[in-house]
Amino acid sequence: MNSALFLGGLTPTLSALQLTKQTTNLKVICMVRPRGAGFCYSEAEFKEILTTAELLLANGADGLSFGFLTEAGEIDIDRTRQLVEITHGYDAEAVFHRAFDCSIDPVKNTTTLIKLHLDRILTSGLQPTAWAGRNVLAELQKNFGKQIEILAGSGINPANVRSLISTTGIKQVHASCTVKQIDQTAYRQQVDFSYLKQEVPGSYEAVSPQLVRQLLAELK
Numbered sequence: 012m013n014s015a016l017f018l019g020g021l022t023p024t025l026s027a028l029q030l031t032k033q034t035t036n037l038k039v040i041c042m043v044r045p046r047g048a049g050f051c052y053s054e055a056e057f058k059e060i061l062t063t064a065e066l067l068l069a070n071g072a073d074g075l076s077f078g079f080l081t082e083a084g085e086i087d088i089d090r091t092r093q094l095v096e097i098t099h100g101y102d103a104e105a106v107f108h109r110a111f112d113c114s115i116d117p118v119k120n121t122t123t124l125i126k127l128h129l130d131r132i133l134t135s136g137l138q139p140t141a142w143a144g145r146n147v148l149a150e151l152q153k154n155f156g157k158q159i160e161i162l163a164g165s166g167i168n169p170a171n172v173r174s175l176i177s178t179t180g181i182k183q184v185h186a187s188c189t190v191k192q193i194d195q196t197a198y199r200q201q202v203d204f205s206y207l208k209q210e211v212p213g214s215y216e217a218v219s220p221q222l223v224r225q226l227l228a229e230l231k
């Protein structure tokens, strides 16, 4: 679960988590990410991350998705270890998100994350989409799939999910299943709060129940 998909996903609200837990039986993995852009955070941002992690877990999150890199593009071992310990302290799952795709050495970093006891890595195989990164995903699954779960994400849809699974051997996929909707109150006169500037004014991203059903049907 996250928010602000156009920024690559940010921390969801507590109310979104609570309502989802109250109304469904779904396992909810919450992203912990305070801002867009990269994954090398200031001390103030990291303190916020620690506080957010505790709040999400205390309110029923079944796991956390996070990622920390050094300025050199390496896994930030100390910060990652702290989040893993907090998450596992609640018997929840620790997921390293697509910060992995901005790191330098996928083999070395996968080994590092295994040693840090991460449960799962969300990755597109270091490419813009999982299909483009299918060769790396296949190698990660082949070499590390028995030690850590490889979760493929980015650009996955009902049309390509079966081919991706058969090509890579992965066991899990991550998909946003979004469509563009329009809120015409985003603009008036010379004022425009639209954030998808290349789209129709007032466009925003929302999850499509139809696409979710289609994706699930392909996976059955």
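My numbering numbers the first residue of the sequence shown as 12 and each following residue consecutively. Cβ atoms here follow ideal geometry from the backbone N, Cα and C, with glycine treated the same way.
Within the DSSP secondary-structure output, Gln192 pairs in a beta bridge with Tyr215.
The three-state secondary structure of Val202, taken from DSSP, is strand. The beta carbon of Ala163 is closer than 6 Å to those of Ala141, Leu148, Ile181 and Val184 in its chain, skipping five residues each way along the sequence.
Under the DSSP assignment, His99 falls in the alpha helix (DSSP H) whose first and last residues are Ile88 to Gly100. Beta-bridge partners of Glu160 (DSSP): Arg131. Residue state for Phe107 is assigned as strand, using DSSP reduced to three classes.
Distance from the Cα of Cys41 is smallest, within the candidate group Leu25, Gln33 and Gly49, for Leu25.
Per DSSP, the continuous alpha helix (DSSP H) segment holding Ser174 begins and ends at Val172 to Thr179.
By DSSP's assignment, Ile40 forms a beta bridge with Gly74. Three or more beta-carbon pairs separated by less than 8 Å are not found between the stretch 14-21 and the stretch 29-37, which leaves the two stretches without contact.
Secondary structure note for Gln221: its alpha helix (DSSP H) is the uninterrupted segment Pro220 to Leu230. Counting only the Cα atoms, Glu150 lies some 13 Å from Asp116. Under DSSP, Leu21 shares a beta bridge with Ser14. Bounds of the beta strand (DSSP E) holding Gln183 are Gln183 to His185.
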